[in-house]
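See below for the structure under consideration.
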Amino acid sequence: MENASKALIIAGAILLSILIISLGIFIFNQASEITKSSNLSEVEVLQFNEKFTSFEGEHVRGSEVNSLLNRVVQNNIANQDDTSKQVFVSVTGTQENVTWQKGTVPNDKITSITTKALTGKSYRVECKITDTKTGLIDKIVISPAQ
829 MENASKALII AGAILLSILI ISLGIFIFNQ ASEITKSSNL SEVEVLQFNE KFTSFEGEHV
889 RGSEVNSLLN RVVQNNIANQ DDTSKQVFVS VTGTQENVTW QKGTVPNDKI TSITTKALTG
949 KSYRVECKIT DTKTGLIDKI VISPAQ
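As structure tokens, this is what we get:
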């Protein structure tokens with residue numbers, strides 16, 4: 829009788845252990861699926877953002893702003909099918925004020941848009957991340973330096 833009760837206790841402990849291990853594996857799989865859904869590793873996010881943050885600052889020359897605009901145009905053309913990698917741009921205080929909505933590139937102005945900043949002026953460039961899920965820069969605001 830004692831052996832049977834000890835056998836039942838051991839069997840219950842084994843079943844409980846299996847249940848706890850299964851629950852741990854389930855939680856681990858759920859967490860790994862969440863990280864896979866972002867599609868980009870931290871390194872890829874940093875590399876993407878670095879393309880734009882290198883131009884960020886309070887007193888950026890007009891020629892650098894034109895280079896940044898060129899880089900944004902190239903990025904938006906390369907990522908036409910992936911709106912999460914599109915960059916919205918708002919430019920004021922240049923030869924022509926420019927605003928691109930996220931996911932659009934003004935095809936009729938692609939070549940001329942990158943020379944809109946006056947080379948003798950200084951600009952304030954601010955990169956923003958509005959979608960914290962991806963961590964990618966998706967908005968750049970360019971205005972005259974104070």
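Start counting at 1 in the sequence shown, then tack on 828, and there's your number in the numbering used here.
Built from N, CA and C at the ideal position, the CB exists for glycine as well.
In angstroms, rounded to a whole number, what distance separates the CA positions of V900 and G963? The alpha-carbon atoms of V900 and G963 are separated by roughly 17 Å.
K879, enclosing alpha helix (DSSP H) - first and last residue: 870-881
Whole angstroms is fine: what's the gap from K834's alpha carbon to I842's? 12 Å
Taking one C-beta from the stretch 901-918 and one from the stretch 840-857 each time, how about it: are there three or more such pairs within less than 8 Å? no
Suppose the cutoff is 7 Å on Cβ atoms and the five residues either side in sequence are ignored; what does the same chain contact list for E886 look like? R952, A973
Nearest residue (CA-CA) to Q917, options I846, R889, V888, I968: Contrary to the premise, residue 917 reads as Val rather than Gln in this sequence. Considering only alpha carbons, the answer is I968.
How big is the Cα-Cα spacing for V893 and L946? 9 Å
From this set, T958, S950, N831, which residue's C-alpha is nearest S971's C-alpha? S950
Just the C-alpha distance for Q875 and T911, rounded to the nearest angstrom, thanks. 17 Å
DSSP beta-bridge partners for K956? DSSP lists K967 as partners of K956.
Extent of the continuous beta strand (DSSP E) run through S918: 916-919
In three-state DSSP terms, what is E886? Three-state DSSP puts E886 in a strand.
At a threshold of 7 Å, does E886 count as lining the ligand FAD (C-beta to nearest heavy atom)? The model depicted lacks the ligand FAD and carries no ligand whatsoever.
Member of A839, C955, T960, V873 whose CA lies at the smallest distance from the CA of V919: C955
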